[in-house]
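Heads up, the sequence shown is in the numbering used here, so the first residue is 3 and it goes up one at a time. From the three backbone atoms N, C-alpha and C, an ideal C-beta is built for every residue, glycine too. Remember, it's a predicted structure, so these values are computed and weren't measured experimentally.
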Amino acid sequence: MTAPSPGDGRTEPGSSSGATSGASAAGGGPRIGPGAHILVCGGAGFIGSCYVRDVLARRDGTRITVLDKLTYAGDRANLAPVETDPGMAARFAFVVGDIADPTAVDPLVAAADAVVDFAAESHVDRSILDPSAFLVTGVVGVRVLLEAVRRQTELARAGERRHADGRQMGAPRFLQVSTDEVYGSVEEGSSREGDVLAPRSPYAAAKAAGDLLVGAYRTTHDLDVLVTRGANTYGPHQHPEKLIPLVATNAIDGAPIPLYGDGLQRRDWLHVTDHAAAIDLVLRRGDPGAVYNIPGGNERANREVVAAILARLGRPWSLVRSVPDRPGHDRRYAMDGGRLAALGWRASVPFADGLAGTVDWYRANEAWWRAAKDAAWDDYYARQYADRLAASTEAPAPGALAGGAAGEEAPGTAR
Ligand SMILES: NC(=O)c1ccc[n+]([C@@H]2O[C@H](COP(=O)([O-])OP(=O)(O)OC[C@H]3O[C@@H](n4cnc5c(N)ncnc54)[C@H](O)[C@@H]3O)[C@@H](O)[C@H]2O)c1
Numbered sequence: 003m004t005a006p007s008p009g010d011g012r013t014e015p016g017s018s019s020g021a022t023s024g025a026s027a028a029g030g031g032p033r034i035g036p037g038a039h040i041l042v043c044g045g046a047g048f049i050g051s052c053y054v055r056d057v058l059a060r061r062d063g064t065r066i067t068v069l070d071k072l073t074y075a076g077d078r079a080n081l082a083p084v085e086t087d088p089g090m091a092a093r094f095a096f097v098v099g100d101i102a103d104p105t106a107v108d109p110l111v112a113a114a115d116a117v118v119d120f121a122a123e124s125h126v127d128r129s130i131l132d133p134s135a136f137l138v139t140g141v142v143g144v145r146v147l148l149e150a151v152r153r154q155t156e157l158a159r160a161g162e163r164r165h166a167d168g169r170q171m172g173a174p175r176f177l178q179v180s181t182d183e184v185y186g187s188v189e190e191g192s193s194r195e196g197d198v199l200a201p202r203s204p205y206a207a208a209k210a211a212g213d214l215l216v217g218a219y220r221t222t223h224d225l226d227v228l229v230t231r232g233a234n235t236y237g238p239h240q241h242p243e244k245l246i247p248l249v250a251t252n253a254i255d256g257a258p259i260p261l262y263g264d265g266l267q268r269r270d271w272l273h274v275t276d277h278a279a280a281i282d283l284v285l286r287r288g289d290p291g292a293v294y295n296i297p298g299g300n301e302r303a304n305r306e307v308v309a310a311i312l313a314r315l316g317r318p319w320s321l322v323r324s325v326p327d328r329p330g331h332d333r334r335y336a337m338d339g340g341r342l343a344a345l346g347w348r349a350s351v352p353f354a355d356g357l358a359g360t361v362d363w364y365r366a367n368e369a370w371w372r373a374a375k376d377a378a379w380d381d382y383y384a385r386q387y388a389d390r391l392a393a394s395t396e397a398p399a400p401g402a403l404a405g406g407a408a409g410e411e412a413p414g415t416a417r
């Protein structure tokens, strides 16, 4: 998929640019406006729940239905701020179900002006232990969603897509939430949206397959589809399997902190509220068929990030253990964000503030992450780290390695 030229948006009756509830007409306005009904798949997870909370908190008339399978990574408690607020709850519905199940998906897509797909198995390490669920959700699930969108688009084009009260509906817009990992390891420079995809983990390969399917449905069926590729995301409500919450929660407990290899893998960090806001901007204003990178603008070596978390918590570096690296571990991700910037977007959360706030959230919300570190977690943790920790060595002190200037970005005062 490439960025279409301006004006590529379809204008035929019944397309997403043909106006009905929430789907605004062409002519510079948003394609999905206030009052839209959005189906959010995977909305109980880390980024999806932030999207739901932030969009409904605007109280602009948007309605949201979440479809979520509630895997180990999905937690309905992430949506409590919405479900306990009468004003937001009135515009919100929650359905437990699988995006790979057409009987769950079809009626929900039929009622939606737009579909945003966050649903995925999202942890690279688990994709190495067992990739099967990654492929079912990331490939079959995306195909089921696209087929439902295709059918609704055909109905809309025939003028037969209608609300319960008989008003005509436009075709649904579909946005697939993807990742910088589809580009593979980028030793130098930054990936652009048209670059060849070179995924190197089963997780990234499943995500790339989803992106390619979306592009194929655009080409074959002229659907109103979009893809966003977000950078490494951090913030409250992220499952403790991921780097920042793993380090923060182990540090709170004074437990050993596994750090892969030399810890000099470089990631570009994007705060979850910025990621959610960028997705919403692309959904409402993106060009049909286009892919948008969402960089964070905060490239850091992993060991720098670990050191900053420890500094915030007032914990010693001696907790950190250098463990055998993840196989095929990508060294660096970096993306060019020019296309998104042209839509008027800029990240708003400085990394130091975002990381301090995130660490503080984990310190203040122990009940949330202790519930995620349940018996199944213990199993996973033992499979992933027991042998590695047994073979671990002392991690070189911060600043001892080139590029590992730990503490350089330490947010706030150590406590
Ligand atoms: N976390 C990141 O750093 C990051 C960065 C860029 C892109 N992404 C992408 O953003 C999306 C969301 O990531 P996240 O970190 O919030 O993930 P997450 O693991 O926290 O949440 C995933 C959600 O999807 C649900 N889900 C899983 N399989 C499902 C299925 N078959 N049907 C319905 N629901 C299902 C889970 O229950 C969970 O609520 C993913 O597609 C991921 O690839 C994540």
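- Under the three-state reduction of DSSP, F48 is assigned to helix.
- Residue burial is scored here from C-beta neighbours: L342 has at least 16 other C-beta atoms within 10 angstroms and is therefore classed as buried.
- For N367, the number of other beta carbons within 10 angstroms of its own is below 16, and it is reported as exposed.
- By the neighbour-count criterion, in which a residue is buried when 16 or more other Cβ atoms sit within 10 angstroms of its Cβ, V54 is buried.
- Taken through DSSP and simplified to helix, strand or coil, Q178 comes out as strand.
- Contact between the region 284 to 303 and the region 66 to 83 is absent: fewer than 3 CB-CB pairs across the two stretches fall below 8 Å.
- N252: member of the alpha helix (DSSP H) spanning 245 to 255, first to last residue.
- Assigned with DSSP and collapsed to three states, A95 falls in strand.
- With respect to the C-alpha of I34, the residue from V198, V118, W370, N252 having the closest C-alpha is V118.
- Counting only residues of its own chain and dropping the five nearest sequence neighbours on each side, A95 has a CB closer than 6 Å to the CB of T67.
- The alpha-carbon of I130 is positioned some 11 Å away from that of A206.
- Counting only unbroken stretches of 3 or more residues, the beta strand (DSSP E) elements lying wholly within the region 143 to 225 are 175 to 181, in sequence order.
- The C-beta distance from C52 to A278 rounds to 5 Å, short enough to meet the 8 Å contact threshold.
- Each of I311, P32, S320 was checked against the Cα of G237, and the nearest Cα belongs to I311.
- Taking a C-beta distance under 8 Å as the contact criterion, T155 and A173 qualify as a contact pair.
- When distances are taken from the beta-carbon of V179 to the heavy atoms of ligand 1, the shortest one is below 7 Å.
- Annotation for L69: the continuous beta strand (DSSP E) segment containing it runs 65 to 70.
- By the Cβ test, the region 139 to 150 is in contact with the region 93 to 111, since at least three Cβ pairs between them sit closer than 8 Å.
- With a threshold of 7 Å, the Cβ atom of H273 does not count as near ligand 1, since no heavy atom of the ligand is closer than that.
- Around the beta carbon of A92, fewer than 16 other beta carbons lie within 10 angstroms, which makes this residue exposed.
- Non-local beta-carbon contacts of D327 in its own chain, meaning distances under 6 Å to residues more than five positions away in sequence, involve Y262, G263 in chain order.
- Membership of T230 in the beta strand (DSSP E) is indicated by the continuous run 227 to 232.
- Out of G217, Q178, P204, A208, the CA that lies nearest to the CA of G196 is found in G217.
- Taking the CA atoms as reference points, T105 sits about 18 Å from I40.
- Put simply, of A158, A38, A200, E162 the residue whose alpha carbon is nearest the alpha carbon of Y335 is A200.
- Taking 7 Å as the cut-off, the C-beta of G217 does not count as close to any heavy atom of ligand 1.
- A direct Cα-Cα distance of roughly 10 Å separates P133 from D127.
- With respect to the C-alpha of V293, the residue from I259, T275, M337, E301 having the closest C-alpha is M337.
- Under the DSSP assignment, V111 falls outside any beta strand (DSSP E), being part of the alpha helix (DSSP H) whose first and last residues are 104 to 112.
- Within the same chain, and ignoring the five residues on either side of P329 in sequence, the residues whose Cβ sits closer than 8 Å to its Cβ are I130.
- For K71, the CB falls within less than 7 Å of some heavy atom of ligand 1.
- A Cβ-Cβ distance of about 17 Å is found for the pair R268 and R231, leaving them out of contact under the 8 Å criterion.
- Counting only residues of its own chain and dropping the five nearest sequence neighbours on each side, L110 has a CB closer than 7 Å to the CB of L41, T67, L69, V97.
- Around the beta carbon of P400, 16 or more other beta carbons sit within 10 angstroms, so the residue counts as buried.
- In this structure, the straight-line span from the alpha carbon of D380 to that of W370 is close to 16 Å.
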